[in-house]
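One structure below.
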Amino acid sequence: RCVRPRCPGRGAMVLPLTLLRSAANQPMMVELKNGETYSGVLAACDTKMNVHMRDIVCTARDANRFWKIPEAYIRGNNIKYLRLQEEVFSIAKDAPTTKEQRKKDSVKGGKGKGKGKGKGKGGEAAGPRKQK
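Residues 3 to 134 in my numbering are what the sequence shown spells out, letter by letter.
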């Protein structure tokens with residue numbers, strides 16, 4: 003079992019969420035705990051492994067019925083496993099691994115942690131009341 007960030011002879015270790023994020027706009031298959039499968043293109047995912055897919059073919063548990071669905075949102079705790087193409091692994095190895103690298107590559111601004119000037123209603127933040 004590999005627990006170090008880099009294992010000799012095995013290449014870089016890739017975390018599951020990094021792998022899933024790298025699979026955006028790539029075809030994949032999702033099998034749910036109830037036995038249904040969804041084959042389509044990954045549109046987006048979040049930190050709880052909820053996935054948004056498009057252009058899906060849904061297969062029933064008994065594999066006798068099929069549905070074509072334009073898009074679907076699948077909650078992460080219902081997923082049994084994900085099946086990705088081999089090329090996604092090479093994309094994931096090239097993806098930034100640390101938070102600092104992701105922030106550096108990010109186009110977005112900060113998180114907006116400013117406290118403001120405290121000019122809300124009432125309380126000490128508003129300052130003492132002025133008498134006329």
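Glycine included, each C-beta is placed from N, C-alpha and C at the ideal position.
* How close, in whole Å, do the beta carbons of residue 27 and residue 53 come, if the pair is a contact with beta carbons under 8 Å? -> Residue 27 to residue 53, Cβ: 13 Å. No contact.
* Asked: Thinking just about the alpha-carbon of each residue, which of 30, 19, 21, 24 is nearest to the one in residue 87?
  -> With respect to the C-alpha of residue 87, the residue from 30, 19, 21, 24 having the closest C-alpha is 30.
* Asked: Which value, in whole angstroms, describes the spacing of the CA atoms of residue 22 and residue 45?
  -> When rounded, the distance between both Cα atoms is 11 Å.
* Excluding the 5 residues preceding and the 5 following residue 2 in the sequence, name in chain order all residues of the same chain whose CB lies nearer than 7 Å to its CB. => Look at the range of the chain in this structure, 3 to 134, and you will see that residue 2 is not part of it.
* C-beta contact flag for residue 74 and residue 55 at 8 Å -> For residue 74 and residue 55, yes; Cβs fall inside 8 Å.
* Measure the C-alpha to C-alpha separation of residue 35 and residue 63 and round it to an integer number of angstroms. => Taken atom to atom, the span from the alpha-carbon of residue 35 to that of residue 63 is near 10 Å.
* **Segments assigned alpha helix (DSSP H), at least 4 residues, entirely inside the segment 59-87** => Listed in chain order, there is nothing to give.
* To do: Evaluate residue 59 with the Cβ neighbour count: other Cβ atoms within 10 Å of its Cβ, from every protein chain shown; 16 or more gives buried, anything less gives exposed.
  => Within 10 angstroms of the beta-carbon of residue 59 lie fewer than 16 other beta-carbons, which makes it exposed.
* To do: Starting from residue 44, follow its DSSP beta bridges and name the residues at the other end.
  => Looking at the DSSP assignment, residue 44 forms a beta bridge with 55.
* To do: Give every residue of the same chain whose Cβ lies closer than 7 Å to the Cβ of residue 71, excluding the five residues on either side of it in the sequence, and list them in chain order.
  => Around residue 71: 58, 60.
* **residue 17 - DSSP class collapsed to helix/strand/coil** => Reduced to three states, the DSSP call for residue 17 is coil.
* **Status (buried if at least 16 other CB within 10 Å, exposed otherwise) for residue 25** => Label assigned to residue 25: buried.
* By the 10 Å Cβ neighbour count, where 16 or more other Cβ atoms means buried, how is residue 94 classified, buried or exposed? -> Per the 10 Å Cβ criterion, buried.
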